[in-house]
Structures are given as structure tokens and as C-alpha cells.
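**Q** Handing you a structure now.
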Amino acid sequence: MDRRKALKNIGTGFGVIAVTPTVVSLFQSCQSAPSYAPAYFSSADFDKISQLMELIIPPTDIPGAIELKLPEFTDGYIAAVWDKERQASFAEGWNAFLSASAEISGKGVNQMNASDWDAVLAKYLKPGSEISDAEKPAAAFASQLRSLTVNAFKTNEFIGENVLAYAPVPGEQRGCVDLMEATGGKAWSL
Amino acid sequence: MEINYDAIVVGTGVSGGWAAKELCENGLKTLVLERGRMLKHIEDYTTMNDDPWDYKHGDVITEEIRKQQPKQSRTGYVNSESSKHLFVNDLKHPYSETKPFNWIRGYHVGGRSLTWGRQSYRLTDFDFEANAKDGISIDWPIRYKDLAPWYHHVEEHIGVSGENLGLPQFPDGNYLKPMELNCAEDIFKGAINSKYNDRVVTIGRVAHITEGTKPGAGRINCQYRNRCRRGCPFGSYFSSNSSTLPMAEATGNMTLRPNSVVHEVIYDAATKRASGVRVIDAETKEVFEFNAKVIFLCASAIASTSILMQSKSDRFPNGMGNDSGELGHNLMDHHFQVGAQGSVEGLQDKYFTGRRPNGVYIPRFRNIGGATDQKDFVRGYGYQGGGGRGGWSSSVAELGYGAGFKEAITQPGDWSMGLTGFGETLPYHDNKMTLDYNNLDEWGLPTVNFDAGIKENEFNMRKDMMQQAAEMLEVAGVKNIRTYDAPYILGNGIHEMGTARMGRDRKTSVLNKHNQIHDVPNVYVTDGAAMTSAGNVNPSLTYMALTARAANHAVEELKKMNL
């Protein structure tokens, strides 16, 4: 079954907010990802970025970053939307982040596992860490990667149509309403 | 095809659509010429139902779009994946800049009526009398009373929603029920009303149907999708495609010819009238002439002026109607992109439904007499703005990353409130457009050069616009207020105007009080080119009212055999 079509059907069949285990397994069953050739990152960097994004958006009762193909989205986004200058400054931040990661883990970056990356993100993204001036570029990169991940998450069809409150044709406008009554506490996706 | 008509209308945007409707409904056989492609209501709104994830990278401006539309892309808010087809390819339609100018164009039937901001306000006598009172530039040849019935007529047909306030500087209109303020805006409104005597907060007056229906191609109530600038399948906001052109078509009197690049109005020295227009077919490059008793230039300020500049004859060696030397001068826009924003605390259990295609408005409160008069600048500004609940807040960032963070970003973020000032730009003679005959376009026609920018009065006004925005937000209890003054470039307001201005004296203006060229009375210019001063409100409604008034004048003059 075509994945897009499957997801569209989920959207109409199950309502806008609830995601049942059936939905998730249907989603998973349609995954037939051939290996992805990154447009911006090198293959080695893409693997690392994917691990980092999976830590930022891990699988819960809804799929995580890798299953949602957020790394693929982000790679394509940087390649197609950003100009060379912005790409270059991002690359600089990435290099700073890799150097800092090697220092924190005491390993070569190619040897780092998920818990090593987790420790790096904890240092740069959790509140309360002391960040030295030398580490600021690495910390700034971590924030930027988090923003890119959130953007990919919110631009994702499955999330937009099934997890967030999806109303393509609202039909009416009410200025000030109760959040729980309007969307059950979720943000509008559009 | 038939070459003789009663009337020719050049352009199909807000002005051209209105000229077509009024002329056709009055029984004139009318040829409507559009330089761009055909674009049919609904059928050709190719992106109207797209979600952001229907595009590989979301609904953004990609590098590929920037390559084709380097100038259209400069504003950042004009084109994207969902709307790029409604703006010109800058490589195909080049212009040059002595000073930076963002000339945003859409070449297709409907023009920018498809992508406009839909904010619809009336000018007032504060505006029509301003030049005379300040001793700046020249006096408008009309006053509010001349245009008021035409504003009413236009509003009745297009449908404008809003709230009447009874303010002299912000006249009441013929409005459909207003859209609703959201919770943050409602609190802001209450605070401003209680703490200022001279300022009010109201919902934007916007050309959307909020109740009932309007004539045209089956226009119904706004569905609050906020996808207006891709074309609306419900016809809920006003566009030529959904409203005026179908009404013109229904009379059986309209012939619409797309791909028709008008570049010259032909002058007949014997009759001292224009006899017709010269047209190049955009696709085949064939040249045609069409004749008519009356010609309406509604191609937008820059394009209509460019056509007049190219219309040279022994009588008008410097371009038709240019005895005064003012043609192409006094180029104006509205300057904006200055204001303040901040976060609104609380209201965590409140939200809204529908994507309201509109914001709040604060009418002008400067230089309208007494204590409101300023020493550092003349004229005034209004604010457009709004409250919202989006993004992810600092409290979400505290969660860092991981499962808790992921859950938090599925919920609405904090409330915010922002205000952007929209100010009047004065008509400066040296703010001008000219034609460059050394750089021709694909059709062998001269390209436009811009040499214009804002000056001291606008810069001083901007300081006040920023300061007052921050002060009002602060008074209303908004936190983390950040002010901004983005580098504004003339043209960013997409309100180009003034380059063939109306006036009382043929020595200092191009058009008379009926929008006729002073010495060629069967040529009317009724788009932004006609504006003698800019006022501070969005101008499209005024162009429509001027057009409807001029078209009915032309019909009367034809009956009297005066044209």
C-alpha cells in the first residue's frame, strides 16, 4: 500500500487526534525504506545526525525521529532551502559539536554510541549545565539541531494529520475558547 | 478577432476587474487585456488544498525558487512553494534599481487581487486635505464626499467585514459582521481602551464574506483556512477572478484576452483623443492594435505609468499626459516592518478555532489635531498586529529533549502579541521610476528603473511607531517586549502609487478629478498611479472606489458625446 495514501486514510478513519496501536503498526508495516542517499550530509554524518535526532524525538506511543524520517527531511531541507553561506556556517557548528563530543565522551566520534551522544545532548540542551565560552558554538549547534528536528516533526504528514489537531477546513472562527474543548490540549497543526 | 470596442481595460487586478464590471454592466462592449496567462477561478488554484507536508521541504522558499524569483523572494513573505506560480519570474521580467526597490508582481488574470492582503480601509479628509494643509506637493482634486458613495458601492459588492467605530480619522463603512478577537487580543484591547483616550483596538477590516453571500462566481462565507493567497475555492475573499470578472462576463459584453502586453496608447492628433492600444502577444510576439472610444489603464501604478511613458507622439514627446513632467515621479508606498512584540502570560487553558485570515488594527492617532500633533513628523500611521499561540516556549526548552520534550511540542506554546506600524510615505518629486531603453525585455520593450527611498519624515515617524508599539504592549502587561526596525525597502508594502497623480492643475499633475488624463479625456488611469498622497491605510479599496467612480463618469461622458 502506498504510504501516503495509507496515512491519508488513517486521517479520515480514526479522527484527528487519537493514535491507536493499530495505527502505529499500520504505519510501521508500510515502511519499506530503501537506503537513503543523503543530499547534504556525508553518509557517516547522516548516521550521527539520525542518532541525535532520535534522542531529541525518541519513539513513544507515537513514532520517533528515524521512523518518521525526520533526518531525511532535515537533510533535504538544508540542501534545498539554505544557501551556501548558511550551509557553511552550519557545517562549522557541526564540526565544533563533533570536537566537543569527542572530548566529552573521551572517544573518537565514530566510536560513540547512543548513550555517549545522550550525554553530549544532556550537557548542551538540559538546563543548568555550565557552558564555557569555548563550548558555545557546540551548544548553539545542539539548539539549532533541536529546532530543525522540531521543524521536521511539525512538517511531518503523520504528525500533522494524526497527532496534532488537524482541521484543513475549519469552517468557523471563534476567538477565545477552552483549549481542551477545542483540541483536547493539542496544538493545531496548520 | 474583433478589433473595435466601446472600451478597453488594461489589467485585471482589483482596478481592472472593477473597470470591466462597471463598463460591461453599463452596456459597453469591453475588451479586457491582461499581459499574463489565463487563470480560471477554482480550476487553476492548483495549490489551494495543499498542506505543508505536500511539499518535500514544507511550504518554504527553496534555493530553486530564489533562482527564478530573486527579487520576489527578497521580502520573505511573498512567494513560497504554494504561491510561487502567482508571482513573476524575475529573470523573464527584469527591472533595475538605482536604489533598492522590491517590485512584486503577478502576471496572470486576476493579477495581485488573488494574493493581496485584503485589508480594506477608506481614506478620509485628513488624507485628502493633507497636502494642501501641510504645503507639501499638490492638493487632491477630490474630497471624501466625492468618494464615499463609491466606497459604499464597492464594499457592498466585494463584502468587507469589520466594526464601525465612529472615528473621524477612520470612517465607518458598509460592513459585514466582524471576525472575533482572540483571548490575548481581547485583553490587549481592554487595556488600551482603559488607559488611552486617543487609541482604540479593533479587528481588521478585511474583504472576506463573514455572513451571507456575494455576487460573482458563487461566493460564500469564509471557511477560515487562511490559504487565501493561493486562490480561494469558496470565493470568500474578494478577487477579480471570483467577483468582478464573472460579473462582467455575465453581461455578455466582455472579451477577455490574456497574454496581451499593452505597451502603447495610440494618440490621434486629429481628434485629440486616444484611438486605441498597441499590444504584443506575450507568446507569439505578434503585434495587434485594438480601438475603443474609452481606455482604462489599470495595469498597476508602475505598469500603467510605463505604458504612458512609451506612448510618445508629436503632441506628447515625453509620454502621454506628461505635459507636467510629473509622470513617473512622486512614487510612494507604505513604510512598515517596524514595531514591537512580546509574550502574554497566562491563558494557558485558552485557544481559538479557525485560522483567521486577519489581525487587529489600531487606527491612526497622530497628527489629527490638538494634542495629537507631532513636532518631528507630519501625517500618521496605523498598526496591524495580533495575538497568537504558537511555537514552543521557554518552558518547553527547559525540558531539553527526549520524550517529555516531544510531548510538550505537540501542545500549544505561550501566547504572544505584536504590533507592526504602517505609515504614510510623502510624495517626493525625486522618488521616481524611469524607462531604460538600453536594457530591453524579451518583447523588445524598455525595462523599468527605480530610484526612490524613504526620507527624514518617514525615519522620524518610524521612531515613534516603534516606541508607541512598545509602550502600548507594556501598558497592556505584555512581557519580554522586543522592538524591531527591519531594513524597510520601498516597495515592500506592495502599495506602489503616485506616478501619474491626480490634481487640479494640468501643469503639476497627470490626471484630473475624474482620473482622466488632462488633455486626453478618453484615457482614464485608476490604479495606484493616480494617488496624490498615500494616506496611511491599505489602498486597494480606494483604487476600486476610484475605478468604479471613473467608469461611471466615462459612461455618462460617452452618453453626452463628450469623449
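Respectively, the protein sequence lines represent chains E and W. Everything in the first sequence is counted per our numbering, starting at 1 for the first residue and increasing by one. Everything in the second sequence is counted per our numbering, starting at 191 for the first residue and increasing by one. Glycine included, every Cβ here is placed at the ideal spot set by N, Cα and C.
(1) Along the chain, where does the alpha helix (DSSP H) containing Q657 (chain W) start, and where does it finish?
(2) In chain E, which residues lie with their C-beta within 9 Å of the C-beta of M651 (chain W)?
(3) Report yes or no: is there a C-beta of chain E within less than 9 Å of the C-beta of F478 (chain W)?
(4) Just checking, does the segment 297-317 of chain W make contact with the segment 270-277 of chain W on the three C-beta pairs under 8 Å criterion?
(5) Of all the residues that make up the segment 598-616 of chain W, which are near chain E by a beta-carbon distance shorter than 7 Å?
(6) Under 9 Å, Cβ to Cβ, is there at least one residue of chain W near E130 (chain E)?
(7) Apart from the five residues just before and just after N650 (chain W), which ones in its own chain have a Cβ nearer than 8 Å to its Cβ?
(8) Cα separation between F193 (chain E) and I66 (chain E)?
(9) Based on Cα-Cα distance, which residue from W:E664, W:K246, W:R264, W:F612 lies nearest to G575 (chain W)?
(10) Under the three-state reduction of DSSP, which class applies to P547 (chain W): helix, strand or coil?
(11) Consult DSSP for R419 (chain W) and reduce its assignment to one of helix, strand or coil.
(12) Just the Cα atoms here: how many angstroms apart are P21 (chain E) and I78 (chain E)?
(13) Suppose you measure from the CA of H743 (chain W) to the CA of H704 (chain W); what does that come to, to the nearest Å?
(14) When you compare each of W:A741, W:L355, W:M623, W:S270 to R420 (chain W) by their alpha carbons, which one comes out closest?
(15) List the residues of chain E whose Cβ lies closer than 8 Å to the Cβ of L281 (chain W), in chain order.
(16) Using 9 Å as the threshold, is the C-beta distance between G466 (chain W) and E476 (chain W) below it?
(17) Taking DSSP as the reference, what is the three-state secondary structure of H247 (chain W)?
(18) Name the residue from W:T722, W:H708, W:D523 whose alpha carbon lies nearest to the alpha carbon of Y678 (chain W).
(19) Report yes or no: is there a C-beta of chain W within less than 9 Å of the C-beta of C176 (chain E)?
(20) From G248 (chain W) to A119 (chain E), what distance separates their C-alpha atoms?
(21) Does the segment 481-490 of chain W come close enough to the segment 707-718 of chain W to have 3 or more Cβ pairs within less than 8 Å?
(22) In whole angstroms, give me the CA-to-CA distance for T637 (chain W) and D626 (chain W).
(23) If you scan the segment 400-469 of chain W from start to end, which runs of the beta strand (DSSP E) of 3 or more residues do you find wholly inside it?
(24) Checking the sheet assignment: what are the DSSP bridge partners for Q574 (chain W)?
(25) For a contact defined as C-beta to C-beta under 8 Å, what are the partners of V120 (chain E) on chain W?
(26) Reducing DSSP to helix, strand and coil, say where E287 (chain W) ends up.
(27) Determine the extent of the beta strand (DSSP E) in which G532 (chain W) is found, giving its start and end residues.
(28) If you check the beta carbons only, do H347 (chain W) and S433 (chain W) fall under 9 Å apart?
(29) Where V268 (chain W) and Q262 (chain W) are concerned, what is the direct C-alpha to C-alpha distance, given to the nearest angstrom?
(30) Enumerate in chain order the residues of its own chain whose CB-to-CB distance from G202 (chain W) is below 7 Å, with the five nearest sequence positions on each side excluded.
(31) Rounded to whole angstroms, what is the Cα-Cα separation between S132 (chain E) and A100 (chain E)?
(32) Kindly say whether K540 (chain W), judged by its beta-carbon, lies nearer than 9 Å to any beta-carbon of chain E.
(33) DSSP state of G594 (chain W), grouped into three classes?
(34) Are W330 (chain W) and S723 (chain W) closer than 9 Å when you measure CB to CB?
(35) Give the C-beta separation of L55 (chain E) and L145 (chain E) to the nearest angstrom, bearing in mind that I take them to be a contact with Cβ-Cβ under 8 Å.
(36) Using a Cβ cut-off of 7 Å, pull out every chain E residue sitting near Y591 (chain W), in sequence order please.
**A** Inspection of the coordinates gives the following:
(1) In the second sequence, counting from the first residue as 1, residue 657 (chain W) sits at position 467. Element bounds for Q657 (chain W): 646-665.
(2) Counted from its first residue, the second sequence places residue 651 (chain W) at position 461. Residues of chain E passing the Cβ test: none, with the nearest at roughly 31 Å.
(3) Along the second sequence, read from residue 1 onward, the residue named residue 478 (chain W) stands at position 288. It does not; no Cβ of chain E falls within 9 Å.
(4) yes
(5) I599, T600, Q601, P602
(6) In the first sequence, the residue the question calls residue 130 (chain E) occupies position 130. Output row for E130 (chain E): interface = no.
(7) Here residue 650 (chain W) corresponds to residue number 460 of the second sequence, with the count starting at 1. Counting only Cβ-Cβ distances below 8 Å, and skipping sequence neighbours, we find D566, F567.
(8) Residue 193 (chain E) is absent from the model: chain E starts at 1 and stops at 190.
(9) By 1-based counting over the second sequence, the position of residue 575 (chain W) is 385. Looking at the Cα atoms, W:F612 is the closest of the given residues.
(10) Here the question's residue 547 (chain W) lines up with position 357 in the second sequence. The answer is coil: DSSP assigns P547 (chain W) none of H, G, I, E or B.
(11) If you number the second sequence from 1, residue 419 (chain W) lands on position 229. Looking at R419 (chain W) - three-state DSSP - the assignment turns out to be helix.
(12) For the purposes of this step, residue 21 (chain E) is taken as the residue at position 21 of the first sequence. For the purposes of this step, residue 78 (chain E) is taken as the residue at position 78 of the first sequence. Because the pLDDT of P21 (chain E) is 40, which lies under 50, any placement of that residue in the model is unreliable, and the question is left without a value.
(13) Locating residue 743 (chain W) in the second sequence gives position 553, where the first residue counts as 1. Locating residue 704 (chain W) in the second sequence gives position 514, where the first residue counts as 1. Rounded to the nearest angstrom, the two C-alpha atoms are 7 Å apart.
(14) As a first step, residue 420 (chain W) must be located in the second sequence, where it is residue number 230. With distances taken between Cα atoms, R420 (chain W) lies closest to W:S270.
(15) As a position in the second sequence, residue 281 (chain W) is number 91, starting the count at 1. Within chain E, no residue comes near L281 (chain W); the closest Cβ sits about 18 Å away, beyond 8 Å.
(16) The residue given as residue 466 (chain W) occupies position 276 in the second sequence. The residue given as residue 476 (chain W) occupies position 286 in the second sequence. Result no, Cβ atoms of G466 (chain W) and E476 (chain W) do not sit closer than 9 Å.
(17) Sequence index remark: in the second sequence, residue 247 (chain W) carries index 57 (1-based). If DSSP states are grouped into helix, strand and coil, H247 (chain W) belongs with coil.
(18) Along the second sequence, one-based indexing puts residue 678 (chain W) at 488. Measuring from the Cα of Y678 (chain W), the nearest candidate turns out to be W:D523.
(19) Here residue 176 (chain E) refers to the residue found at position 176 when the first sequence is read from its first residue. Yes - at least one Cβ of chain W is within 9 Å of the one on C176 (chain E).
(20) The residue you call residue 248 (chain W) lines up with position 58 of the second sequence. The residue you call residue 119 (chain E) lines up with position 119 of the first sequence. Distance between the alpha carbons of G248 (chain W) and A119 (chain E): 31 Å.
(21) yes
(22) The residue given as residue 637 (chain W) occupies position 447 in the second sequence. The residue given as residue 626 (chain W) occupies position 436 in the second sequence. Using only the alpha carbons, I get a separation of about 5 Å.
(23) 444-447, 450-458
(24) For the purposes of this step, residue 574 (chain W) is taken as the residue at position 384 of the second sequence. Paired residue(s): W:Y551, W:T610.
(25) Walking along the first sequence from the start, residue 120 (chain E) turns up at place 120. Ordered by position in chain W, no residue passes the 8 Å Cβ test against V120 (chain E), which lies about 11 Å from the chain.
(26) Along the second sequence, read from residue 1 onward, the residue named residue 287 (chain W) stands at position 97. DSSP places E287 (chain W) in strand when its eight states are reduced to three.
(27) Position 342 of the second sequence holds residue 532 (chain W). Segment 528-534, the beta strand (DSSP E) holding G532 (chain W).
(28) Translated into positions along the second sequence, residue 347 (chain W) becomes position 157. Translated into positions along the second sequence, residue 433 (chain W) becomes position 243. Yes.
(29) Locating residue 268 (chain W) in the second sequence gives position 78, where the first residue counts as 1. Locating residue 262 (chain W) in the second sequence gives position 72, where the first residue counts as 1. If you take the alpha carbons of V268 (chain W) and Q262 (chain W), they lie about 7 Å apart.
(30) For the purposes of this step, residue 202 (chain W) is identified with residue 12 of the second sequence, where counting begins at 1. In the sequence on display, residue 202 (chain W) carries Thr and not Gly. Closer than 7 Å at the Cβ level, and outside the excluded window around T202 (chain W), lie V222, E224, V299, G300, G301, S430, L435.
(31) Taking the first residue of the first sequence as 1, we reach residue 132 (chain E) at position 132. Taking the first residue of the first sequence as 1, we reach residue 100 (chain E) at position 100. Cα to Cα, S132 (chain E) sits roughly 11 Å from A100 (chain E).
(32) Translated into the one-based positions of the second sequence, residue 540 (chain W) becomes position 350. It does: the Cβ of K540 (chain W) has a partner Cβ on chain E nearer than 9 Å.
(33) By one-based count along the second sequence, residue 594 (chain W) stands at place 404. DSSP places G594 (chain W) in helix when its eight states are reduced to three.
(34) Your numbering for residue 330 (chain W) matches position 140 in the second sequence. Your numbering for residue 723 (chain W) matches position 533 in the second sequence. Result yes, Cβ atoms of W330 (chain W) and S723 (chain W) sit closer than 9 Å.
(35) Locating residue 55 (chain E) in the first sequence gives position 55, counting from the first residue. Locating residue 145 (chain E) in the first sequence gives position 145, counting from the first residue. 10 Å between Cβ atoms; not a contact.
(36) As a working mapping, residue 591 (chain W) is identified with position 401 in the second sequence. In chain order: L55, I56, L121, L125, R146.
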